[in-house]
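The next block holds one structure in the form of structure tokens; read it before the comments.
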Amino acid sequence: MVACALVACACITSTPVLRAQGSLRDQTRSIRGGTPSRIIAVNPIILLAGYVQGEFEQRLAASTSLAFAGSYVPFNSRDYTNLDLKLRLYPDDRALQGLGIAAGVGVGRARQNDQDVVCIAAPCNPIPGKTLTAPTFSIEAHYQWLLGARRSTAVTVGGGMKRYYFDEQDTEGRGVSRLLPTGRLTIGYAFR
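In case it helps, the working numbering puts the sequence shown at residues 2 to 193.
Pasting the structure below:
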């Protein structure tokens, strides 16, 4: 009987304490100094190799953000330069944090490097490369963490696909890829 009374007393007194803590979701939303609304980030690994991938992301609402991204990456003996505008959806209603799904539109440029020709008897000149510019469409999924007491360090990993809408006549016989995989590993600064 005494044990039942102690259990009942513990339940009655602990309920307000547990309710005051709130859910984990509510706890993670309250950040000292407010929740960051912008992120500027770069890919540090390819930066060391002389290539560039970076972006600026702005929260629009609890579940959406808009990002402006740019990159310069050599791929398959070609140089790809891109500028994209991406609309991101965060299904957990925590924009800039957690799982994100994006669709993007932009402009891409592929520059084919000069090709060397092997000649046996006559002098040969390399085949000059060609630069192609076209609109692009991309999709991506990523996961983004905001780290630190102020949530000011953003770390993101993800991947997707990008479609280049090059004119078929320009790409025929040149081996220019019209559909490419994309990868994302960025580290950045999140701020208000």
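Using N, Cα and C, we set each Cβ at its ideal position, and we do this for glycine too.
Rounded to whole angstroms, what's the CA-CA distance from L100 to I40? Just pull it up for me. Cα to Cα, the separation comes out at about 15 Å.
From P37, P45, T36, residue whose alpha carbon lies closest to that of R185: Taking only the C-alpha atoms, the option nearest R185 is P45.
Provide the residue(s) that pair with P75 in DSSP beta bridges, ordered along the chain. Looking at the DSSP assignment, P75 forms a beta bridge with D80.
Exposure of S78, with buried meaning 16 or more beta-carbon neighbours within 10 Å: It counts as exposed.
Relative to the C-alpha of L148, which candidate in Y91, Q98, P92, Y81 has its C-alpha closest? Between L148 and the set Y91, Q98, P92, Y81, the nearest pair of CA atoms involves Q98.
Apply the 10 Å Cβ neighbour rule to L1 and answer buried if 16 or more other Cβ atoms are within range, or exposed otherwise. Residue 1 falls outside the range modelled here, since the chain spans only 2 to 193, and no answer is possible.
Under the assumption that R112 contacts T132 (Cβ atoms under 8 Å), give the Cβ distance between them as a whole number of angstroms. Between R112 and T132 the beta-carbon gap is near 5 Å, inside 8 Å, which marks them as a contact.
Helix, strand or coil for T61 per DSSP? Before going on, a small fix: residue 61 reads as Leu here, not Thr. Looking at L61 - three-state DSSP - the assignment turns out to be coil, as it is neither helix nor strand.
Comparing C-alpha positions only, which one of A104, C125, I121 sits nearest to M162? Checked all of A104, C125, I121; the closest Cα to M162 is A104.
As assigned by DSSP and simplified to three states, the class of P45: Helix, per DSSP.
Here's a check: name, in chain order, each residue in its chain whose Cβ is nearer than 6 Å to the Cβ of I32, leaving out the five neighbours to either side. The pLDDT assigned to I32 is 46, lower than 50, so where the model puts this residue is not dependable, and the model offers no usable value.
Nearest by alpha-carbon distance to A63: which of D94, V106, R89, E169 is it? Looking at the Cα atoms, D94 is the closest of the given residues.
Got a sec? Which residues, its chain only, sit under 8 Å from I47 by beta carbon, not counting five neighbours each side? Excluding five sequence positions before and after I47, the CB atoms of its chain that fall closer than 8 Å to its own CB belong to V53, Q54, V74, given in chain order.
Between D80, L61, D85, which lies nearest to F69 when the distance is taken from Cα to Cα? Comparing Cα positions, the closest option is D85.
CA-to-CA distance, G107 to G189, given in whole angstroms: Rounded to the nearest whole angstrom, the CA to CA distance from G189 to G107 is 22 Å.
Quick check: the Cα distance between S178 and A155, rounded to an integer number of angstroms? The straight-line gap from Cα to Cα measures roughly 31 Å.
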